[in-house]
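Scroll down for the structure; my scribbles are underneath it.
Number of protein chains: 2
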Amino acid sequence: MPEFRQNIATKEWVIIAPERAKRPEDFKKKKVAKEFPEYDKNCPFCIGNEDKTPPSVYSIKKNGKWNLRVVPNKFAALKSDLSPKRKREGKSKRYLTIDGFGLAEVVIETSVHNKTIATMNYSEVRNVIKAYKQRYIEISKNEDIRLITIFRNHGAMAGTSLEHPHSQIIATPVVPPHVRDQIFQARVACDTFGTCIYCDMIKQELSEKKRIIVETDHFVAFSPYAARSPFETRIIPKRHDCSFDAITEKEIDNFSKVLRDTLRKIYLTLDNPDYNYIIRSSPTDERNTKHYHWYAVIIPKLTTPAGFEIGTGIYINVTPPEESARFLRQAKI
Amino acid sequence: MPEFRQNIATKEWVIIAPERAKRPEDFKKKKVAKEFPEYDKNCPFCIGNEDKTPPSVYSIKKNGKWNLRVVPNKFAALKSDLSPKRKREGKSKRYLTIDGFGLAEVVIETSVHNKTIATMNYSEVRNVIKAYKQRYIEISKNEDIRLITIFRNHGAMAGTSLEHPHSQIIATPVVPPHVRDQIFQARVACDTFGTCIYCDMIKQELSEKKRIIVETDHFVAFSPYAARSPFETRIIPKRHDCSFDAITEKEIDNFSKVLRDTLRKIYLTLDNPDYNYIIRSSPTDERNTKHYHWYAVIIPKLTTPAGFEIGTGIYINVTPPEESARFLRQAKI
Chain A
339 MPEFRQNIAT KEWVIIAPER AKRPEDFKKK KVAKEFPEYD KNCPFCIGNE DKTPPSVYSI
399 KKNGKWNLRV VPNKFAALKS DLSPKRKREG KSKRYLTIDG FGLAEVVIET SVHNKTIATM
459 NYSEVRNVIK AYKQRYIEIS KNEDIRLITI FRNHGAMAGT SLEHPHSQII ATPVVPPHVR
519 DQIFQARVAC DTFGTCIYCD MIKQELSEKK RIIVETDHFV AFSPYAARSP FETRIIPKRH
579 DCSFDAITEK EIDNFSKVLR DTLRKIYLTL DNPDYNYIIR SSPTDERNTK HYHWYAVIIP
639 KLTTPAGFEI GTGIYINVTP PEESARFLRQ AKI
Chain B
339 MPEFRQNIAT KEWVIIAPER AKRPEDFKKK KVAKEFPEYD KNCPFCIGNE DKTPPSVYSI
399 KKNGKWNLRV VPNKFAALKS DLSPKRKREG KSKRYLTIDG FGLAEVVIET SVHNKTIATM
459 NYSEVRNVIK AYKQRYIEIS KNEDIRLITI FRNHGAMAGT SLEHPHSQII ATPVVPPHVR
519 DQIFQARVAC DTFGTCIYCD MIKQELSEKK RIIVETDHFV AFSPYAARSP FETRIIPKRH
579 DCSFDAITEK EIDNFSKVLR DTLRKIYLTL DNPDYNYIIR SSPTDERNTK HYHWYAVIIP
639 KLTTPAGFEI GTGIYINVTP PEESARFLRQ AKI
């Protein structure tokens with residue numbers, strides 16, 4: 339029987355349609371995954387091509403060679419030398435606009451062309467998380483920035499054409515409704531129940547166990563009750579904090595492990611699917627908010643949102659999250 | 339220079355990034371569009387295969403043969419014989435669920451296998467709109483239904499694998515946040531300015547002209563100021579009404595024309611791209627709301643939303659809507 343489920347954190351509805359239930363085999367890519375070389379002389383992110391990107395704003399080096407570089411995005415949709423001032427446009431002055439002010443950086447995660455988080459070792463992933471944190475702290479010093487979004491696009495269906503392993507950081511002068519609404523719902527829940535909705539969610543999930551994928555000392559990776567798509571996975575820190583940059587050294591170790599292991603399970607179970615992941619943190623000027631909680635979400639690109647999803651925001655998910663979690667939990671890595 | 343623009347109806351932000359501006363040629367499909375046959379004996383929607391679908395709930399016939407059929411969706415994600423009652427789930431009873439109650443119908447738009455709205459004549463499109471209206475009226479009599487969404491998925495990237503021309507109607511017992519938020523913003527605007535935000539928008543667009551694609555006696559088709567993606571097109575009726583089923587006979591003629599002509603311009607300019615369109619109408623139990631306004635939106639699938647879009651709801655649009663509108667306005671049909 340199909341059912342509606344409500345995401346308690348956002349109040350969004352999804353339809354879980356198990357009659358169409360799909361197993362990992364149904365999603366495996368038909369085409370053979372390309373085998374990329376370790377080094378590609380035409381890749382702007384490979385060693386020797388450092389002049390094809392702007393200079394690094396952060397790097398991790400070993401024995402005189404770089405292991406990781408963060409560079410401003412050469413093809414950035416936003417630029418740091420513009421004004422964040424709101425302006426009114428059109429005859430009625432009702433339309434609102436801002437020059438495209440913002441920061442856009444690329445985290446070149448390793449010098450090795452053909453790795454991805456799923457195939458890195460823990461210390462390589464640790465470098466990536468450490469870079470996220472350092473850049474987050476640095477960028478949040480800019481008083482005109484309100485929101486910092488860290489994300490990774492893996493594969494063409496996830497919106498990237500560059501093979502070389504990389505993530506992105508985009509900082510904007512606006513907090514969009516999509517994020518505001520989540521924070522508002524978290525505040526309503528906190529006003530109602532006196533507790534953090536994300537803390538409540540992981541407590542609930544840990545007690546029920548059936549949607550848990552990986553648990554470590556400091557993190558829980560699980561398929562959310564109201565997952566919008568097959569194998570959507572949330573990673574939530576057990577320690578309550580609204581902002582990603584509060585992550586401690588121990589938590590960085592732990593987060594590297596849970597992120598690597600979860601992505602490796604997805605990689606092996608679903609044959610290296612395209613995916614996006616996003617780290618959602620509170621607005622930078624609400625750094626001390628008590629009712630919000632940072633998290634990461636991984637979205638494998640296995641299905642196509644159609645007119646119904648676009649028109650209603652209600653996603654039809656053909657794989658119950660209990661099934662997704664079971665497959666990933668059991669996957670040997 | 340890139341710029342942020344806010345959608346006045348939803349308060350969503352987009353980034354218009356003209357430095358990456360793309361012209362229609364950049365989007366044209368590399369692969370040659372498949373030429374489908376007029377009739378396919380294996381297609382469940384072709385003549386002679388009526389037993390492969392549930393019986394029609396509505397049809398338009400001529401000379402004893404059907405031209406259009408509406409049938410319940412055989413593979414519906416929602417079922418009409420379930421209960422719309424909310425239930426609480428999980429140990430904490432915080433998770434909310436509803437059995438998958440709802441209606442899902444397929445509008446088989448013509449018996450001819452290889453047509454699409456862009457290649458139909460006006461009277462064929464008129465049949466489709468008439469069917470939408472009749473089914474909308476019939477479905478809205480169900481007291482447990484709150485929202486009726488009419489949509490069309492064209493092509494694999496838009497989420498359909500069936501070639502035969504068809505649209506869908508899905509009726510749900512819930513009004514999701516995605517729709518509630520729009521209505522809320524329309525109410526705030528109405529409280530503030532005393533007028534309908536959609537009426538204001540088309541007034542503004544008609545006075546500026548630069549984003550207009552097609553104007554008829556009763557409708558305006560335009561690229562919205564804060565379009566989320568290249569060639570996104572909105573069609574808004576000039577007469578203020580919140581509900582699609584209020585469409586008059588004259589307006590049906592007019593809507594058929596503007597929908598056909600706009601889709602034909604997209605078809606010819608962009609080489610038959612995949613697209614979704616959605617008709618958004620007020621919740622059925624808010625049929626007399628004064629501050630909302632029904633509309634249609636066409637979204638050609640030309641770009642891929644990535645981690646930034648998913649994580650923030652801020653879309654990066656590489657074609658300024660003024661450019662999209664100019665290309666479509668000038669397209670000969």
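As given, the protein sequences belong to chains A and B, one line each in that order. Take 339 as the starting number for the first sequence in our numbering and just add one per residue. Take 339 as the starting number for the second sequence in our numbering and just add one per residue. Even glycine gets a Cβ: it sits at the ideal position worked out from N, Cα and C.
Asked, Found
"Have a look at Cys537 of chain A and Lys547 of chain A and give me their C-alpha separation to the nearest angstrom.", "15 Å"
"What is the C-beta distance between Ala496 of chain A and Asp612 of chain A, in whole angstroms, given that I count them as a contact (C-beta under 8 Å)?", "4 Å"
"Who are the Cβ neighbours of Val370 of chain A in its own chain at under 8 Å, not counting the five residues just before and after it?", "Any reading at Val370 of chain A must be qualified, since the residue scores a pLDDT of 48, below 50, and its modelled position is unreliable; no value is offered."
"Return helix, strand or coil for Arg343 of chain B, following the three-state DSSP convention.", "strand"
"Taking one C-beta from the stretch 521-541 of chain B and one from the stretch 595-612 of chain B each time, how about it: are there three or more such pairs within less than 8 Å?", "no"
"Helix, strand or coil, according to DSSP, for Arg549 of chain A in the structure here?", "coil"
"Could you name the residues of chain B that Glu546 of chain A contacts, counting a contact when the two beta carbons are closer than 8 Å?", "Gly428 and Lys429"
"Taking 8 Å as the CB-CB cut-off, is Gln333 of chain B touching chain A?", "This structure gives no information on residue 333 of chain B, because the portion of chain B shown stretches from 339 to 671."
"Report yes or no: is there a C-beta of chain A within less than 8 Å of the C-beta of Glu341 of chain B?", "yes"
"Looking only at C-alpha atoms, which of B:His629, B:Glu543 and B:Ile477 sits nearest to Thr622 of chain B?", "B:Ile477"
"Could you tell me which chain B residues have their CB closer than 7 Å to the CB of Tyr325 of chain A, listed as they occur along the chain?", "The structure shown does not extend to residue 325 of chain A, since chain A is modelled only from 339 through 671, so no value can be given for it."
"Should His629 of chain A be flagged as near chain B, meaning a C-beta pair shorter than 8 Å?", "no"
"Would you mind giving the Cβ-Cβ distance between His451 of chain A and Tyr377 of chain A, rounded to the nearest angstrom? I have them listed as a contact below 8 Å.", "5 Å"
"With DSSP run on the structure shown, which of helix, strand or coil describes Cys381 of chain A?", "coil"
"Could you confirm whether any beta carbon from chain B is found closer than 8 Å to the beta carbon of Tyr605 of chain A?", "no"
"Count the other CB atoms, across all protein chains shown, that sit within 10 Å of the CB of Arg426 of chain B; report buried if there are 16 or more and exposed otherwise.", "exposed"
"Could you check whether the Cβ of Arg343 of chain A sits closer than 7 Å to any heavy atom belonging to the ligand GTP?", "For the ligand GTP, the structure offers nothing, since it holds no ligand at all."
"Using DSSP with H/G/I as helix, E/B as strand and the rest coil, what is His608 of chain B?", "First, the residue type needs correcting, since residue 608 of chain B is Leu and not His in the sequence shown. If DSSP states are grouped into helix, strand and coil, Leu608 of chain B belongs with coil."
"Measure the alpha-carbon distance for Ser418 of chain B versus Thr607 of chain A and round it to whole angstroms.", "35 Å"
"Can you tell me whether Asn530 of chain B is buried or exposed, with buried defined as 16 or more other CB within 10 angstroms of its CB?", "According to the sequence provided, residue 530 of chain B is Thr. The question's Asn does not apply to it. Exposed, because fewer than 16 other Cβ atoms sit within 10 Å of the Cβ of Thr530 of chain B."
"So, are the CB atoms of Arg407 of chain A and Ile446 of chain A less than 8 Å apart?", "yes"
"Would you kindly work out how many angstroms separate the C-alpha atoms of Ile654 of chain A and Thr510 of chain B, rounded to a whole number?", "12 Å"
"So which of B:Ala669, B:Lys670, B:Arg424 and B:Val656 has the shortest CA-CA distance to Phe342 of chain B?", "B:Val656"
"Using a threshold of 8 Å, state whether the C-beta atoms of Ser581 of chain A and Ser545 of chain A are closer than that.", "no"
"Using the C-alpha atoms, what's the distance from Gly649 of chain A back to Pro515 of chain B?", "11 Å"
"Report the option in B:Lys366, B:Pro422, B:Tyr460 and B:Ala469 whose CA atom is closest to the CA atom of Val444 of chain B.", "B:Ala469"
"Check each candidate in B:Pro422, B:Arg424, B:Pro392 and B:Arg518 and name the one with the smallest Cα separation from Lys412 of chain B.", "B:Pro392"
"Considering only the alpha carbon of each residue, which of A:Glu660, A:Asn610, A:Gly532 and A:Gln344 lies closest to Glu363 of chain A?", "A:Asn610"
"With burial defined as no fewer than 16 other Cβ atoms inside 10 Å of the residue's Cβ, what is the status of Lys399 of chain B: buried or exposed?", "exposed"
"Could you check if Thr390 of chain B is buried or exposed, using at least 16 other CB atoms within 10 Å of its CB as the buried criterion?", "According to the sequence as given, residue 390 of chain B is Lys; it is not Thr. Its Cβ having fewer than 16 others within 10 Å, Lys390 of chain B is exposed."
"Ordered along the chain, which non-local residues of its own chain (more than five positions away) have a Cβ less than 8 Å from that of Gln506 of chain A?", "Asn411, Ala442, Glu443, Val444, Val445, Ile488, Phe489, Arg490 and Asn491"
"Here's a check: name, in chain order, each residue in its chain whose Cβ is nearer than 7 Å to the Cβ of Ala494 of chain A, leaving out the five neighbours to either side.", "Asp612"
"When you compare each of B:Lys379, B:Val352 and B:Asn405 to Ala415 of chain A by their alpha carbons, which one comes out closest?", "B:Val352"
"Here's the rule: buried if 16 or more other CB atoms are within 10 angstroms of the residue's CB, otherwise exposed. What is Ile385 of chain B?", "exposed"
"To which residues of the same chain is Ala669 of chain A closer than 7 Å at the C-beta, ignoring the five residues directly before and after it?", "Lys603, Leu606 and Thr607"
"Helix, strand or coil: how does DSSP classify Leu420 of chain B here?", "coil"
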